[in-house]
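Numbering (the UniProt record's numbering), first residue to last: 1 to 501. For reference, the structure discussed in these notes is given below.
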Amino acid sequence: MAYLEVLCAVIAVLLAFCYYSTSAFSFWKNRGIPGPKPVFFFGNSMDILFSRFSAAEYVHKLFPDFKDDPMFGLYMRRSAVLVLRDPELLRDVMVRDFSTFSERGFIAYERTEPLSMHIVNLDVERWRPLRTHFHPLFSVAKIKSMFGLILECADQLEKYVDQVVARDEPIDFSEISAKFTTDVIASCVFGIDANSISDESSEFRRFGKLFFNMKEFENAVRLRLRLYARKLYELLGYIMPEKRFTAFFTKLVVDAMKYRKEHNIYRPDIIQTLMELKEHPEKMSDTKVTDNLLVAQAFGFFNAGFETSSTTMTNILYELALNSDIQDKLRQEINEHFAMHNGEFKYENMKEMKYFDKVYKETLRKYPPIGLVPRRSVCPYTFRNTKLTIPKRLMLWIPILAIHRDPDNYPNPDVFDPERFNKEAIEARHPMTYLPFGAGPRNCIAGRFGECQTKVGLVTILRKYKVQVCEKTMIPYEFEPTGFLLGPKGGIYLRLAKLEA
């Protein structure tokens, strides 16, 4: 009898588990929204959870199956997710009805991961005053004032590249680009010399590299807990809070603020803004200003600034190596503008290079560093021209990679063609089909700065060298499936050939 009772109990638990795991899977069907069939327990998350594809790639592969639908539904385990295809619906969510979708859907884990409290993850009440204070730091005038600092880093890049080329071996441009942008961010954001280019043991570079290494065990575990077991991740704060990055960046930022205050140093950068917020917390309205909150902002700008720009810089070099005619045309434009300005490189001549702008935009079209952007509804919402009403706190995905690679938006989307961004082509497209920096009030605050450092790094290389593929070049290109950002799998290896003077 006891065995029978145990067996019945086990069966009851299994049935309850099965019901719990699948009971949410009628959500989209009941609302008439198409989508791929979910599987037991995982929903549609299996390929993402086991790193077969990144979330952005997974959605991209699904896009053709719902070609005639303005949206489709997924299940990340039990959680319903709505993927938008229609450009007008995208504009509604990101711009017109922003107040309804002002939350990104990320969570700031104050106890478990203090550095997660940066501006990207924060709720709208804390995001808004921070955005107001940080936005002027990335104006054209401020970037022009930082241009000299970026050029100093470019000088170090040029010397380093000369040394690497002399070895006559394939060059890992993912690493070189990351070293350069790390130094730029360290100088312009933190006001320090990180020495990432010249010092192989630079702590700044080591921590930046470690943070984005999603194959590292602790990073991989934490990422999956954040995505699929948020309550459990919150509990980790009591027993296993994140310490590696938190300790390093907290000391860095707190020491920098203390040193500047003691020596009466003023620099128009992010550290200065953090100091002002600390001295005048009333500027943050009802938000409590803590060291953790301030440090998290500096950390957020560091990570967003160096990795996205270095990846874009690497991808541009990759496409130029594959398309020598485009490379030659770009180099000709660069040389012409240097000749016009007596060999000087100023912020103004960078803005005058129209073909360079096309190459930059086409790279972000084909390889958006952030391939998918989430939004969460803060109240029930009915989409225009549909019968669909979604409840409060439903997750939406803006599938940037899939939109950029949709042949209806960009014919032959796998072809690298800068002329997609001539004036006529841009005017013929819906503006919501190009979203490398997002759109609306929560778009990327530092897009101009990222463009500036990327182009300076490229000019430094292209004026002296021709970029070529080599035996280690990845053809065709593959995305790394494990990370949140879209980057090349295993890095990009190329060769440089010195140009004749």
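Even for Gly, the Cβ is constructed at its ideal location relative to N, Cα and C. Predicted, not measured: the structure shown is a model, and the values here were computed from it.
Check                                                                                                                                                                 : Outcome
Measure the Cβ-Cβ separation of Ile119 and Gly300 and say whether it is below 7 Å.                                                                                    : yes
Using 8 Å for Cβ pairs, my map puts Phe204 next to Ala220. What's the rounded Cβ distance?                                                                            : At roughly 23 Å, the Cβ-Cβ gap does not stay under 8 Å, so Phe204 and Ala220 are not in contact.
Less than 8 Å between C-beta atoms, sequence neighbours within five positions excluded: which residues of the same chain meet that for Arg376?                        : Phe101, Glu103, Arg104, Gly105, Arg393, Leu394, Met395 and Leu396
For Glu478, which of helix, strand or coil comes out of DSSP?                                                                                                         : coil
Assign Tyr266 to one of two classes, buried (16 or more other C-beta atoms within 10 Å of its C-beta) or exposed (fewer than that).                                   : exposed
Could you work out which residue in Arg405, Gly208 and Leu74 is closest to Ile185 when comparing CA atoms only?                                                       : Gly208
With DSSP as the reference, label Ser145 as helix, strand or coil.                                                                                                    : helix
Just to confirm my understanding: we take Phe72, look at its own chain, exclude 5 residues before and 5 after, and list those with CB closer than 6 Å. What are they? : Pro34, Gly35, Phe66 and Val83
Would you call the CB atoms of Ile403 and Thr363 closer than 7 Å?                                                                                                     : no
By Cβ distance, which residues of its chain are closer than 6 Å to Asn409, with the 5 residues on each side in sequence left out?                                     : Thr433
What is the DSSP secondary structure of Leu401, counted as helix, strand or coil?                                                                                     : helix
Quick check on the burial criterion: 16 or more other C-beta atoms within 10 angstroms. Buried or exposed for Met275?                                                 : buried
Between which two residues does the beta strand (DSSP E) harbouring Pro129 extend?                                                                                    : First-last for Pro129: Val124 to Phe134, but that is the alpha helix (DSSP H), not the beta strand (DSSP E).
Just confirm the distance between the C-beta atoms of Ser54 and Pro481, as a whole number of angstroms; I'd bet it's less than 8 Å.                                   : 5 Å
Would you mind giving the Cβ-Cβ distance between residue 510 and Ile334, rounded to the nearest angstrom? I have them listed as a contact below 8 Å.                  : The question about residue 510 has no answer here: the residues shown for the chain are numbered 1 through 501.
Going by beta carbon distance, what residues of the same chain come within less than 7 Å of Ala154, once the five residues before and after it are set aside?         : Val456, Gly457 and Thr460
Comparing C-alpha positions only, which one of Ala80, Phe50 and Lys37 sits nearest to Leu62?                                                                          : Lys37
Excluding five sequence neighbours on each side, which residues of the same chain lie with their C-beta closer than 6 Å to the C-beta of Pro413?                      : Arg405 and Pro407
Three or more beta-carbon pairs under 8 Å between the segment 322-337 and the segment 294-309, yes or no?                                                             : no
Where does Gly32 land, buried or exposed, given buried means 16+ other C-beta within 10 angstroms?                                                                    : exposed
Does the beta-carbon of Leu7 have 16 or more other beta-carbons within 10 angstroms, so that it is buried, or is it exposed?                                          : exposed
Taking the beta strand (DSSP E) that Gly300 falls in, what are its first and last residues?                                                                           : Taken as a continuous stretch (DSSP letters only), Gly300 belongs to no beta strand (DSSP E), being part of the alpha helix (DSSP H) at Asp291 to Leu322.
Looking only at its chain, what residues have a beta carbon closer than 8 Å to the beta carbon of Leu80, apart from the 5 residues adjacent to it on each side?       : Per the sequence presented here, residue 80 reads as Ala, with Leu not at that position. If we look at Ala80 and ignore the five residues flanking it on each side, its Cβ neighbours are Ala24, Phe27, Trp28, Gly73, Leu74, Leu394 and Met395.
The beta strand (DSSP E) that contains Gly457, what's its start and end?                                                                                              : Careful: Gly457 lies outside any beta strand (DSSP E), inside the alpha helix (DSSP H) at Gly447 to Leu462.
Candidates Arg91, Gln468, Pro136 and Arg96: which alpha carbon is nearest Ile270's?                                                                                   : Pro136
Would you mind working out which of Phe416, Phe248, Phe345 and Met340 sits nearest Leu322, comparing C-alpha positions?                                               : Phe416
Using the beta-carbon count (16 or more within 10 Å), is Thr319 buried or exposed?                                                                                    : The residue asked about is misnamed: residue 319 is Glu in this sequence, not Thr. By the neighbour-count rule (16 or more Cβ atoms within 10 Å), Glu319 is buried.
How far does the beta strand (DSSP E) with Phe217 in it extend, from its first residue to its last?                                                                   : No beta strand (DSSP E) contains Phe217, which is instead part of the alpha helix (DSSP H) from Phe217 to Tyr228.
Starting from Met76 and walking both ways along the beta strand (DSSP E), at which residues does that stretch end?                                                    : Met71 to Met76
Name the two residues that bound the continuous alpha helix (DSSP H) containing Val184.                                                                               : Phe173 to Ile185
Report yes if the C-beta distance between Thr386 and Pro380 is below 7 Å; otherwise report no.                                                                        : no
Does DSSP put Leu435 in a helix, a strand or coil?                                                                                                                    : coil
What residue from Val289, Leu130 and Leu15 has the CA that sits closest to Ile445's CA?                                                                               : Leu130
Can you list, in chain order, the residues of its chain whose CB lies under 8 Å from that of Lys283, leaving out five sequence neighbours each side?                  : Pro129, His133, Glu276 and Leu277
With Leu496 as the anchor, note down where its alpha helix (DSSP H) starts and where it stops.                                                                        : Leu496 -> not in any alpha helix (DSSP H); beta strand (DSSP E) instead, spanning Tyr493 to Lys498.
Quick check: what's the CA-CA separation for Glu234 versus Leu499?                                                                                                    : 55 Å
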